[in-house]
Every structure is written in C-alpha cells, then in structure tokens.
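K.L.:
Just so you know, we're using my numbering here: the sequence shown kicks off at 437 and counts up by one. Idealized CB from N, CA, C, for every residue including glycine. Since we're looking at a predicted model, the values are computed, not measured. I'd like to ask some things about the structure below.
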Amino acid sequence: MSDGPGSARVACIMCATSGPFRPRTAKDGYGIEECPECGLVQLVPTPTAETLRALYEEESYFGGEGSGYSQYESQETEYLATFREDVRRIAEFVPQGRILEVGCGYGYFLKCALDAGYDAYGIDLSPAAVERAAELYPGRVFHGLLEEVPEIEGQTFDVIFASHLIEHITDPAAFLRTAARFLRPGGLVVMVTPNIKSLLARVSGRRWVSYKIPEHVSYYDPQTITDLLSRTGFTVSAVDPAYQYYAVPFVTSRVRELLHPVSRLVPPVERLSLLRERRIRVTSGSMRVLAARNAEA
437 MSDGPGSARV
447 ACIMCATSGP
457 FRPRTAKDGY
467 GIEECPECGL
477 VQLVPTPTAE
487 TLRALYEEES
497 YFGGEGSGYS
507 QYESQETEYL
517 ATFREDVRRI
527 AEFVPQGRIL
537 EVGCGYGYFL
547 KCALDAGYDA
557 YGIDLSPAAV
567 ERAAELYPGR
577 VFHGLLEEVP
587 EIEGQTFDVI
597 FASHLIEHIT
607 DPAAFLRTAA
617 RFLRPGGLVV
627 MVTPNIKSLL
637 ARVSGRRWVS
647 YKIPEHVSYY
657 DPQTITDLLS
667 RTGFTVSAVD
677 PAYQYYAVPF
687 VTSRVRELLH
697 PVSRLVPPVE
707 RLSLLRERRI
717 RVTSGSMRVL
727 AARNAEA
C-alpha cells in the first residue's frame with residue numbers, strides 16, 4: 437500500500453505493535469488493516485494529526501461534500517432526537533452535574549443536556565462551529581483540543597461526552613488519559629463510535645458509511661474499545677447499540693447507495709409528502725460506550 441497524502445507509516449495507534457497488519461480492505465489510497473496484537477482496525481498509513489486538524493478547521497467541514505458532515509444543519513431535528521437518547525442514558529448513571537462535550541459542533545448535544553438540567557460545556561476544533569454554538573450558549577463553548585483550552589484548565593466534570601470522535605484520533609490513549617484529568621474519580625466518559633463488528637458494517641463491506649477516509653483513522657468493536665479504556669484508567673460500565681434518527685428520504689438514499697447497482701429496486705420516496713416528513717429511529721452500526729474513571733487514574 438502506497439502512503440496516502442499527509443500520512444506517516446507508524447505502529448498500531450493503540451498498542452504500538454509495528455505489524456505486519458492483516459489487510460481487511462482498501463479505499464482511497466489507504467489500507468484498512470487489523471493489528472495482529474490488539475485487533476484494532478485502522479488506516480495504514482496513519483494520517484498525521486496536522487493533516488486531520490487542518491481538515492476539521494475548514495469552514496466547510498460542517499456543510500461541505502465528501503469529508504465532514506454535509507447535511508449537519510438540515511438534520512438538526514434528527515440530531516436533537518438522537519442526543520436526547522444519549523442524555524437519557526447518561527442520566528441513568530449521572531442524574532445531574534457538569535458535562536463537557538468534546539467535539540460539540542453546533543451545540544445540538546449541549547442543548548439537550550442543558551434542557552435536562554446539566555451544567556454543560558463544549559469544545560470543538562472547527563472555528564466556524566464554535567462561533568455559531570458560542571452565540572447560542574455564551575461562555576459555554578470554546579475552541580481547541582482538550583489539552584489546550586485555557587477556559588477549562590483545572591476544572592473537573594462529572595461526564596465527558598464524545599460522539600463520533602475517538603475514531604478521528606491518532607493517539608486515542610493520550611486523549612483518554614487527558615480526559616481522565618478533567619473527570620472526577622468515578623466520573624463517566626461516554627463515547628459513541630462506529631462498531632466494525634456491527635451487522636451493518638458486515639453487510640456493507642467496503643461501502644460501509646463509516647469508512648470515511650482519511651478522517652476516520654480507527655474502527656473499534658466492543659472488545660477493542662474496552663481494552664483501550666482499561667489501558668487508560670477506566671472501567672467499562674456498559675456498551676450499547678447506538679441508534680440515530682433520520683428522515684425517511686435520507687435512509688432510502690443510503691440504502692440505494694449500499695445496494696448499487698441494483699438501487700432501482702429501492703423506490704424513491706421524495707415525492708410522497710407523508711414519508712418525506714417522517715423520521716425514523718434506525719441502527720447506525722455504532723455503539724455507545726460508558727466507562728467510569730478509576731480512582732487511581
């Protein structure tokens with residue numbers, strides 16, 4: 437496999453094994469390969485952190501085509517419904533307290549957490565997203581990496597929430613150790629991330645929607661995410677299937693992409709107003725992981 441742009445061939449990002457890795461598939465100039473030691477599936481070569489940060493700081497990341505979230509604004513209603521489920525699940529473990537969201541985007545989760553009575557804050561690498569969210573929630577949203585935001589330095593939280601973030605990080609152990617510094621002992625880290633052993637991932641093959649290259653640098657399953665958390669001072673409390681709410685036309689368009697070239701068999705619903713406005717709860721092929729910080733972390 438030739439090196440992708442802005443990449444460096446490195447050891448496993450979780451256990452530092454140098455390989456050789458087991459090839460799973462390939463896409464857009466990268467290998468998607470499995471570490472023979474810890475089982476983590478990851479991009480080979482690994483994109484550099486600088487390459488990825490430049491991508492996330494592009495103004496179009498939350499509205500462009502290709503990388504990022506092309507329909508992020510138009511799907512606000514669906515994101516809010518999804519994040520309300522996350523907040524309800526968090527409340528089963530931590531019914532009140534301070535929450536920090538890492539990767540807060542436009543602040544959809546923050547709204548749900550604040551509405552539920554939490555003292556919620558957020559950070560993001562996208563200047564455009566932070567500017568927008570900070571207008572809605574002044575004094576609660578900041579720009580930068582977790583370890584470099586002066587506004588939260590020295591603070592502690594009861595929950596750190598990171599939805600679809602860990603798969604973007606080239607040093608996940610360092611991120612989780614940093615997260616532990618901001619959590620009270622016993623506090624929760626809650627992550628949502630694609631599950632490479634989900635039924636949707638297995639059925640989709642290389643067409644799996646979560647193969648977003650190069651921004652998704654790793655692909656976890658319940659065992660590898662548990663191992664990562666155990667290595668970094670956490671005890672896993674629960675691993676749940678994650679669901680998302682989508683408008684029906686969005687779901688049918690994704691099904692047609694998956695079934696190409698027999699997509700003609702999936703009828704378009706855009707012209708049926710009843711279905712066009714309907715939102716449904718579907719499996720996303722992801723998992724929600726809740727883990728408590730160990731006292732000695």
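1. For T484, which beta-bridge partners are listed by DSSP?
2. To the nearest angstrom, how far is the alpha carbon of V585 from that of A610?
3. Three-state secondary structure (DSSP) at V698?
4. Whole-angstrom Cβ separation of G539 and A598, contact assumed at under 8 Å?
5. How is the beta strand (DSSP E) around D522 delimited, first residue to last?
6. Considering only residues of the region 589 to 645, which uninterrupted beta strand (DSSP E) runs meet the minimum length of 3 residues and lie entirely inside it, listed in chain order?
7. On the CB-based measure, 16 or more other CB atoms within 10 Å of its CB, does G541 come out buried or exposed?
8. What does a CB cutoff of less than 8 Å around G641 pick up in its chain, not counting 5 residues either side in sequence?
9. Looking at L561 and L581, is the spacing between their C-beta atoms short of 9 Å?
10. Ends of the beta strand (DSSP E) at L726?
11. In this structure, what does DSSP give as the bridge partners for F578?
12. Are there three or more Cβ pairs, one per stretch, closer than 8 Å when the region 447 to 466 is compared with the region 616 to 630?
13. Measuring CA to CA, which of H600, H604, T487, G623 is closest to T592?
14. Just tell me which of E537, E567, V477 has its CA closest to the CA of F457.
15. Leaving out five residues before and five after L550 in sequence, what residues of the same chain have Cβ atoms less than 7 Å from its Cβ?
16. Run through DSSP, which three-state label would T662 get?
17. May I have the straight-line CA-CA distance separating V639 from A564, to the nearest angstrom?
18. Exposed or buried, R576, counting other C-beta atoms within 10 Å across all chains shown (16 or more means buried)?
19. With R520 and C474 assumed to form a contact (beta carbons below 8 Å), what rounded beta-carbon distance in angstroms separates them?
P.N.:
Put simply:
1. Within the sequence shown, numbered from 1, the residue matching residue 484 stands at position 48. According to DSSP, which records beta bridges pairwise, T484 is partnered with nothing at all.
2. Here residue 585 is taken as the residue at index 149 of the sequence shown, counted from 1. Here residue 610 is taken as the residue at index 174 of the sequence shown, counted from 1. The straight-line gap from Cα to Cα measures roughly 16 Å.
3. The residue labelled residue 698 in the question sits at position 262 within the sequence shown. Since pLDDT at V698 reaches only 46, below the 50 mark, its modelled position is unreliable, and the value read off the structure follows with that caveat. Three-state result, V698: coil.
4. Position 103 of the sequence shown, counted from the first residue, corresponds to residue 539. Position 162 of the sequence shown, counted from the first residue, corresponds to residue 598. Correct: roughly 6 Å between the Cβ atoms.
5. Along the sequence shown, one-based indexing puts residue 522 at 86. Element bounds for D522: not the beta strand (DSSP E) but the alpha helix (DSSP H), 512 to 529.
6. 593 to 599, 619 to 630
7. Along the sequence shown, one-based indexing puts residue 541 at 105. Residue burial is scored here from C-beta neighbours: G541 has at least 16 other C-beta atoms within 10 angstroms and is therefore classed as buried.
8. The residue labelled residue 641 in the question sits at position 205 within the sequence shown. Answer for G641: T461, listed in chain order.
9. Taking the first residue of the sequence shown as 1, we reach residue 581 at position 145. Taking the first residue of the sequence shown as 1, we reach residue 561 at position 125. Against a cut-off of 9 Å, the Cβ pair of L561 and L581 comes out as a contact.
10. As a working note, residue 726 is residue 290 in the sequence shown. Per DSSP, L726 belongs to the beta strand (DSSP E) from 715 to 729.
11. In the sequence shown, counting from the first residue as 1, residue 578 sits at position 142. Bridge partners of F578: I559.
12. no
13. Sequence index remark: in the sequence shown, residue 592 carries index 156 (1-based). Comparing Cα positions, the closest option is G623.
14. Working through the sequence shown from its first residue, we reach residue 457 at position 21. The residue with the shortest Cα to Cα distance from F457 is V477.
15. The residue given as residue 550 occupies position 114 in the sequence shown. So the qualifying residues of the chain are A556.
16. Residue numbering aside, residue 662 sits at position 226 when the sequence shown is read from its first letter. DSSP places T662 in helix when its eight states are reduced to three.
17. Along the sequence shown, one-based indexing puts residue 639 at 203. Along the sequence shown, one-based indexing puts residue 564 at 128. Rounded to the nearest angstrom, the two C-alpha atoms are 36 Å apart.
18. Sequence index remark: in the sequence shown, residue 576 carries index 140 (1-based). It counts as buried.
19. Here residue 520 corresponds to residue number 84 of the sequence shown, with the count starting at 1. Here residue 474 corresponds to residue number 38 of the sequence shown, with the count starting at 1. Wrong, their Cβ atoms sit about 34 Å apart, outside the cutoff.
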